[in-house]
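Structure, as structure tokens:
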Amino acid sequence: MIELKDVRKSFGSLEVLKGVSLTVQKGEVLSVIGGSGSGKSTMLMCINGLEPIQGGQILVDGTDVHARGTDLNKLRQKIGIVFQQWNAFPHLTVLENVMLAPRKVLGKSKREAEEIAVRQLTHVGLGEKLKVYPSKLSGGQQQRMAIARALAMQPDYMLFDEVTSALDPQLVGEVLDTLKMLSEEGMTMILVTHEIRFARDVSDRVAFFHKGLIHEIGTPEQVIGNPQKPETIEFLKSVL
Amino acid sequence: MLNYTFHWRPALNALPDMLSGALVSLQIAVLSMVIGVMFAVFLALGRQSSNKLFYGVSTAWVELARNTPALFQVYMTYFGLGSFGIQLDSYVALLAGIAFNNAGYLAETFRGGLRAIPHTQTRAARSLGMSAPQAFRLIVLPQMFRIVFYPMSNQMVWALLMTSLGVTVGLNTDLTGVTQDLNVRTFRTFEYFALAAVIYYLLAKFITLSSRLFAWRLFRY
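In order, the protein sequences belong to chains D and W. Under our numbering, the first residue of the first sequence is numbered 3, with each subsequent residue one higher. Under our numbering, the first residue of the second sequence is numbered 8, with each subsequent residue one higher.
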């Protein structure tokens, strides 16, 4: 379970999260929608401790992420994250990209790590690209590789930060299909996205972010189908 | 009018001696690079460090290495340390001097290389649970070495040429040292040093070409 309690986060004098509270249960898919700069992506960085917070608390399975003495490297092993810019490691082949963390972080043997990597890459449809360098892949393929790389750590949670935003329109579908597959397999996911229709399709709940606060949260039918707040209505009108 | 008769035969007879000297020069160049590269990585980090001592020592090193003559640096490791009672032998002093110089120059090259790698690479590595040193060693360093590879091979050529300074601290086993010994015995300065120059030239070319071959084999991506 991921719990956010009144989380506050600032970059200098700019407050990006102004007291966000949220709970994500095991097996749940939560989509986070909202305008640019509303704090959605920042929230994900805070959840796995890539960004410090200035107030409140974030608990992952009861562990306080930002407490002194929390082993972040350990914690991050169970929280996978995929970024908008896929961040493939360019000097490693697709297979090596995915094998690296299981080997060096989890201490798996080469054979074990390779087995995991091949399985995950096949799973996201890249079984034919194992020996290729990322520069030879399309954006959609690189993004799926990044997903496989995160999955290879066998995380309990997956965070997706606008993973289709940097892709050409014709490549968006293949990545969304991969996300959908994961949600059907019961992966706990927080999905920051601009794909409203997709969010409606796969989510158990949707949260609408505006100016650092959650304005509405509920089932997709409620938040997207029948929004109550004027900010939500306006936002949905502008993107749908 | 040219009033000098060339005598190439004695020079050519000395070729085997000079070639074994060349091997010593190459050895010093390679070792000085290995040591220099290792120190340069730390210096490059030190130049970006917020730790005042680490930053200060690194900056002083880089400034000295880049802004004083290499000859001065080799003198300091031999005569300079000698006056404090640390008497290195000629070979070690020369090696230390060149390694010091290499590290200083390479540190700045490496610093530039590190800046060219997007911060998001480190973030992606950390998000997979890697520690900061792991992310640096496994993700950042390999990419940096590709960026700085050609400047590095330049420095290697430069290191080879700097080994000729060994003669000033009494080294007589490297190419210049061997040549100088032959010269003082025969005074056939032009012939011996011309031959030495050809050997230096070929060695330098060899380094450039083999580094290209290395790069081709190493950087497939």
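The beta carbon of each residue, even a glycine, is placed where N, CA and C say it ideally should be. If you're wondering where the values come from, they're calculated on a predicted model, not measured in any experiment.
Q) According to DSSP, what are the bridge partners of T25 of chain D? A) D:E5
Q. Applying the criterion that 16 or more other CB atoms from any shown protein chain within 10 Å of the CB defines a buried residue, is N89 of chain D buried or exposed?
A. buried
Q: Could you please give me the residues that DSSP links to L32 of chain D through a beta bridge?
A: D:I192 and D:R207
Q) Rounded to a whole number of angstroms, what is the C-alpha to C-alpha distance between F46 of chain W and A100 of chain W? A) For F46 of chain W and A100 of chain W, the distance between alpha carbons rounds to 17 angstroms.
Q) How about K80 of chain D and M155 of chain D: are their beta carbons less than 9 angstroms apart? A) yes
Q) Listing by chain order, which chain D residues have their CB less than 7 angstroms from the CB of I146 of chain W? A) Residues of chain D whose Cβ lies closer than 7 angstroms to the Cβ of I146 of chain W are, in chain order, F91.
Q | Local conformation of H125 of chain D per DSSP, three classes | A | helix
Q: Compare the C-beta of V107 of chain D against all C-beta atoms of chain W and say whether one is closer than 9 angstroms.
A: yes
Q: Could you pull the start and end residues of the beta strand (DSSP E) that M151 of chain W belongs to?
A: That residue, M151 of chain W, is in no beta strand (DSSP E); its alpha helix (DSSP H) goes L148 to I154.
Q. Between A119 of chain D and the rest of its own chain, which residues show a CB-CB distance below 6 angstroms, the 5 nearest in sequence each way excluded?
A. L97, V100, M101 and A154
Q: Pick out whichever of W:Y228, W:F197, W:A222 and W:R219 has its Cα sitting closest to the Cα of L19 of chain W.
A: The shortest Cα separation from L19 of chain W among W:Y228, W:F197, W:A222 and W:R219 belongs to W:F197.
**Q.** Opposing strand residues paired with M160 of chain D [DSSP bridges]
**A.** D:G82 and D:M191
Q) Is the region 74-82 of chain W touching the region 103-110 of chain W in the sense that three or more CB pairs, one from each, lie closer than 8 angstroms? A) yes
Q) According to the Cβ coordinates, are V246 of chain D and I4 of chain D closer than 9 angstroms? A) Chain D is shown from 3 up to 242; residue 246 of chain D falls before or after that span and cannot be answered.
Q. Should G120 of chain W be flagged as near chain D, meaning a C-beta pair shorter than 9 angstroms?
A. Chain D, which has no Cβ nearer than 9 angstroms to the Cβ of G120 of chain W, makes this no.
Q) When burial is assigned at 16 or more other CB atoms within 10 Å of the CB, is A204 of chain W buried or exposed? A) exposed
Q. On the three-state DSSP scale, how would you describe H126 of chain W?
A. helix
Q) Does the beta carbon of A69 of chain D sit closer than 9 angstroms to a beta carbon anywhere in chain W? A) no
Q) How long is the line joining the alpha carbons of R151 of chain D and E187 of chain D, rounded to whole angstroms? A) 17 angstroms
Q: Specify the secondary structure class of G111 of chain W as computed by DSSP and reduced to three states.
A: helix
Q. Out of D:K20, D:Q27, D:G37 and D:A201, which has the shortest C-alpha to C-alpha gap to E236 of chain D?
A. D:G37
Q) Expressed to the nearest angstrom, what Euclidean distance is found between the alpha-carbon atoms of L246 of chain D and I192 of chain D? A) The displayed coordinates of chain D run from 3 to 242. Any statement about residue 246 of chain D would go beyond what the structure contains.
Q | Minimum Cβ-Cβ distance from M137 of chain W to chain D less than 9 angstroms | A | yes
Q) V177 of chain D and I35 of chain D look like a contact to me (Cβ under 8 angstroms); what is the Cβ gap, rounded to whole Å? A) Not a contact, Cβ separation roughly 17 angstroms.
Q: Name, please, each residue of chain W whose Cβ falls closer than 9 angstroms to the Cβ of S137 of chain D.
A: Y228
Q.
Would M183 of chain D pass as an interface residue toward chain W - the criterion being a Cβ-Cβ separation below 9 angstroms?
A. no
(Q) With a threshold of 8 angstroms, are at least 3 pairs of Cβ atoms found where one atom belongs to the region 118-135 of chain D and the other to the region 107-121 of chain W? (A) no
Q) Among W:A29, W:T116, W:G63 and W:L178, which has the Cα closest to the Cα of F213 of chain W? A) W:A29
(Q) Let's test the definition: count the other Cβ atoms within 10 Å of the Cβ of T183 of chain W and tell me whether it reaches 16, buried, or not, exposed. (A) buried
**Q.** Assigned exposure category for K28 of chain D - 16 Cβ within 10 Å defines buried
**A.** exposed
Q) With a cut-off of 8 angstroms, do at least 3 Cβ pairs link the region 223-240 of chain D to the region 64-80 of chain D? A) Contact fails: fewer than three Cβ-Cβ distances are below 8 angstroms.
Q | Residue from D:T72, D:L108 and D:N50 whose Cα sits closest to the Cα of V84 of chain D | A | D:N50
Q) Contact between the region 20-27 of chain D and the region 207-226 of chain D: three or more CB pairs below 8 angstroms? A) yes
Q: Starting from the C-beta of V31 of chain D, find all residues in its chain whose C-beta is less than 6 angstroms away, skip the five residues before and the five after it, and write them out in chain order.
A: S185, M191, V204, S205 and D206
Q) If S134 of chain W and R78 of chain D are in contact, beta carbons under 8 angstroms, what's the gap, nearest whole angstrom? A) Contact flag correct, Cβ pair sits at about 6 angstroms.
Q | Buried or exposed by the 16-neighbour rule on C-beta atoms within 10 Å, applied to Y98 of chain W | A | buried
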